[in-house]
Every structure is written in structure tokens, then in C-alpha cells.
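Participant: Input: one structure, supplied below.
This is the structure:
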């Protein structure tokens, strides 16, 4: 759902870059942050404690006992993805999709290596850690840096 909300925003970044509208790009970024936090991150953490009750309603007696550590690690992974999508929207709109694509390939390769190793040690939560740790440490760090460079590089037309 978040990506469906962010996707229509990226052309606004393309227009801002083309028009050299730094204020417009920063305004759009602040709106994206606001939408991500208020519309998705806060509800995510507000609803996570109720997952057990929801699965009981949906599945009745067949509802699995999902460990809280797995639920909260999945919520953390989802939060990372929310912010990653927000940053990718800026980079894609500004024509810097290569960074996102390259990091995506790198994350996939890293996860294919770390996933089985972490899963054999920690179980299902290990897979979440194998996804989240490289994503947080590398992808979000590089995308945050690139987004900052992209937004500050927009200079008003002479």
C-alpha cells in the first residue's frame, strides 16, 4: 500500500529537478516523510500487538502461536522498507535509479548467503535479520546519503 501511495509522488521529484525547484523537492520530501510516519509507521506499531487476536479471529483454533519476537522483527523489517521506499521515490524521480537497482541486487545476493546461515542459527527470525541488517546498514545508509546529495544538488535556475 505504501508503494502505491509513493509511486505517484516520484514524477513530482522529476518535475522539481527539471525546473530546478529545490524548495518544491524539499517540500515533497517532507510530505513523503509525514505520510510515511503518520500514515504507515505509527499504524504499523499500533496494530502489531493485535496480530495474535486477528489471527485467532481469522483462523480460529487453527491459529498458529507466532512468537512476539518474530512479529516485532517483521514490524521492524516493514519499517525499514517503508523508509527505503520513501528514499527510492526521491532517487527514482530524480533519475538516479541506478543506486536503488544496484543496492537491490546487492541486498538479494547478501540475503541469499546470510538467509540460510541466520535461519539455521535463529530460525524464522534469522531470515528477517538476514534481510534487515544489510538493508539497514548498507541500503538505507547509502540511499539516505544519495537522497541528501540529490536534494542539495538542485540549484535554482540562473
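In my numbering, the protein residues as written are 24 to 181. Just so it is clear, CB atoms sit at the ideal spot from N, CA and C, and this is done for glycine as well.
#1: Which one of 139, 169, 108, 71 has the shortest CA to CA distance from residue 98?
#2: Between which residues of its own chain and residue 95 is the CB-CB distance below 7 Å, once the five residues before and five after are set aside?
#3: Between the alpha carbons of residue 82 and residue 39, how many angstroms are there, rounded?
#4: Take the Cβ of residue 59 as the centre, count every other Cβ of all protein chains shown within 10 Å, and call the residue buried at 16 or more, exposed below.
#5: Just tell me which of 115, 166, 153, 169 has its CA closest to the CA of residue 35.
#6: Let's see if you can read the secondary structure: which residues bound the alpha helix (DSSP H) around residue 150?
#7: Specify the secondary structure class of residue 91 as computed by DSSP and reduced to three states.
#8: When the distance is taken between beta carbons, is residue 153 closer than 8 Å to residue 137?
#9: Would you check if the distance between the CB atom of residue 157 and the CB atom of residue 175 is smaller than 8 Å?
#10: One question on the structure: do residue 150 and residue 142 come within less than 8 Å of each other, judged by their Cβ atoms?
Facilitator: Answer, in terms of the structure:
#1: On the chain shown, position 75 is the one that residue 98 refers to. When only C-alpha atoms are compared, the closest one is 71.
#2: Here residue 95 is taken as the residue at index 72 of the chain shown, counted from 1. Here the set comprises 71.
#3: Here residue 82 corresponds to residue number 59 of the chain shown, with the count starting at 1. Here residue 39 corresponds to residue number 16 of the chain shown, with the count starting at 1. So the alpha carbons of these two residues sit roughly 48 Å apart.
#4: As a working mapping, residue 59 is identified with position 36 in the chain shown. Buried is the call here.
#5: In the chain shown, the residue the question calls residue 35 occupies position 12. Ranking the options by Cα distance to residue 35, first place goes to 115.
#6: Here residue 150 refers to the residue found at position 127 when the chain shown is read from its first residue. 147–157 is the span of the alpha helix (DSSP H), which, as asked, contains residue 150.
#7: The residue given as residue 91 occupies position 68 in the chain shown. Helix.
#8: Within the chain shown, numbered from 1, the residue matching residue 137 stands at position 114. Within the chain shown, numbered from 1, the residue matching residue 153 stands at position 130. Yes, these two residues count as a Cβ contact at 8 Å.
#9: As a working note, residue 157 is residue 134 in the chain shown. As a working note, residue 175 is residue 152 in the chain shown. No, they are not a contact pair.
#10: Translated into positions along the chain shown, residue 150 becomes position 127. Translated into positions along the chain shown, residue 142 becomes position 119. Result yes, Cβ atoms of residue 150 and residue 142 sit closer than 8 Å.
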